[in-house]
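Counting in this note's numbering, the sequence shown runs from 99 upward without gaps. Beta carbons are placed, not taken as given, at the ideal position from N, Cα and C, and that holds for glycine. Since this is a predicted model, take the numbers as computed values, not measurements.
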Amino acid sequence: MRERPLLVYDGDCGFCTSAVRFGERRVRPRCEPVPWQFTDLDALGVTTDRAEHEVLWVTPAGTVYGGARAVAKALLSAPGAWPLLGALMMLRPLRWAADGLYRLVAANRHRLPGGTPACAAPPRTPQGRTPS
99 MRERPLLVYD GDCGFCTSAV RFGERRVRPR CEPVPWQFTD LDALGVTTDR AEHEVLWVTP
159 AGTVYGGARA VAKALLSAPG AWPLLGALMM LRPLRWAADG LYRLVAANRH RLPGGTPACA
219 APPRTPQGRT PS
């Protein structure tokens, strides 16, 4: 069993990789950042579709948080004042705002600094799956 949570992100996305590296330097969450492309997603109970569309926080016990909640969990694990921001992001009214902001950033990550056209998440079908 792992001792530290995993922060699973899109290693093919320049924006995502830059954000994780920034977090490692400035926020210092207590986790192991890993690109989903080099992770056994089946062992984590995570689909490729989910990993392509949101950052994931996977606890050592196997609980998976995605999107803004994953970011909040990373902040909660960090030293200093970061846990306060993480706790605020988990509160219901602010959680809704954090979810919306996360979805906006994720949908436009290919347009953000460090992003490239390769950063765009694949489109989803009406069933929530990526077309083959």
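Item                                                                                                                            : Value
Assuming Pro181 is part of the alpha helix (DSSP H), what are its boundary residues?                                            : 180-188
Between the Cα of Pro103 and those of Gly184, Gly160, Arg123, spot the shortest distance and give me the residue it belongs to. : Gly160
Pull up the DSSP beta-bridge partners for Leu154, would you.                                                                    : Val106, Gly164
Helix, strand or coil, according to DSSP, for Pro131 in the structure here?                                                     : strand
Which stretch, first to last residue, makes up the alpha helix (DSSP H) that contains Gly143?                                   : Premise fails: Gly143 is in no alpha helix (DSSP H) and is neither H nor E.
My assumption, with CB atoms under 8 Å, is that Leu105 sits in contact with Pro131. Please give the rounded CB distance.        : 4 Å
Flag this pair as yes or no: are the beta carbons of Gly164 and Glu150 separated by less than 7 Å?                              : no
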